[in-house]
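Colleague: Mind having a look at this structure? Questions to follow.
In my numbering, the protein residues as written are -7 to 150.
Below, the structure written as structure tokens:
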């Protein structure tokens, strides 16, 4: 599924200070990391869509979420590979691959090569504070009706 970036826009830094919680601002705009097992979505298992808290651009689906045991929401892949930007992160005396949102340029978390091998082998380890969850039953109402089938496919299999 291709997501059109022209449907989303990054607010100004001043608007983001008003719009986001202090934690979401620190995580998305200042590259902070929430503590493990504290975010709203680390153990969320409800069907739905995870969008960039900054722009609303769709990032991940519940279909691709799994329990990695790390304390952060973990996904095997983004809803569209183009919604994520990757860059080298050399902070904290190690080299990792940071993931950022395409339109909002928000710090989301990191991607690691230790995900489920049968699902591509990647683990997108994402801060809850960088996401907004939209339950399946609210997706059409919030303008994400075109993505409902992506979630329903998995929900009906369960």
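Quick reminder that beta carbons are idealized off the backbone N, C-alpha and C, glycines included.
On a predicted model such as this, the values are computed, not experimentally measured, just so you know.
Opposite residue 91 in the DSSP bridges: which residues?
Modeller: For the purposes of this step, residue 91 is taken as residue 99 along the chain shown, with counting starting at 1. Its beta-bridge partners are 78, 101.
Colleague: For residue 19, is the classification buried or exposed, using 16 other Cβ atoms within 10 angstroms of its Cβ as the cut-off for buried?
Modeller: Translated into the one-based positions of the chain shown, residue 19 becomes position 27. Buried.
Colleague: Classify residue 115 as helix, strand or coil using the three-state DSSP reduction.
Modeller: Stepping through the chain shown from its first residue, residue 115 is reached at position 123. Residue 115 falls in the strand class under three-state DSSP.
Colleague: Excluding sequence positions up to five away, which residues of its chain have a Cβ less than 8 angstroms from the Cβ of residue 64?
Modeller: Numbered from 1 along the chain shown, position 72 holds the residue referred to as residue 64. Counting only Cβ-Cβ distances below 8 angstroms, and skipping sequence neighbours, we find 26, 28, 31, 34, 101, 117, 118, 119, 120.
Colleague: Kindly indicate which residue of 59, 13, 6, 106 has the alpha-carbon position closest to the one of residue 88.
Modeller: The count along the chain shown starts at 1 and reaches residue 88 at position 96. For residue 88, the nearest C-alpha among the options comes from 106.
Colleague: Does the beta-carbon distance from residue 44 to residue -6 come in below 7 angstroms?
Modeller: As a first step, residue 44 is located in the chain shown; it is residue number 52 there, counting from the start. As a first step, residue -6 is located in the chain shown; it is residue number 2 there, counting from the start. No, the pair does not count as a contact, with Cβ atoms beyond the cut-off.
Colleague: Between the alpha carbons of residue 132 and residue 22, how many angstroms are there, rounded?
Modeller: One-based indexing of the chain shown puts residue 132 at position 140. One-based indexing of the chain shown puts residue 22 at position 30. If I take the Cα positions, the gap works out to 32 angstroms.
Colleague: Strictly by DSSP, which residues pair up with residue 53?
Modeller: Position 61 of the chain shown, counting from 1, holds the residue named residue 53. 41.
Colleague: Around the Cβ of residue 137, are there at least 16 other Cβ atoms within 10 angstroms (buried) or fewer (exposed)?
Modeller: Counted from its first residue, the chain shown places residue 137 at position 145. So residue 137 ends up on the exposed side.
Colleague: Buried or exposed: which applies to residue 98, given that a residue is buried once 16 or more other Cβ atoms fall within 10 Å of its Cβ?
Modeller: Position 106 of the chain shown, counted from the start, is the residue given in the question as residue 98. So residue 98 ends up on the buried side.
Colleague: Would you check if the segment 70 to 86 and the segment 37 to 52 touch, i.e. whether three or more CB-CB distances between them fall below 8 angstroms?
Modeller: Touching, per the Cβ criterion.
Colleague: With which residues is residue 124 paired in a DSSP beta bridge?
Modeller: One-based indexing of the chain shown puts residue 124 at position 132. Note: residue 124 sits in a beta bridge opposite 43.
Colleague: With distances taken from CA atoms, which of 140, -1, 123 is nearest residue 130?
Modeller: For this step, residue 130 is matched to residue 138 along the chain shown. Here the closest residue by C-alpha is 140.
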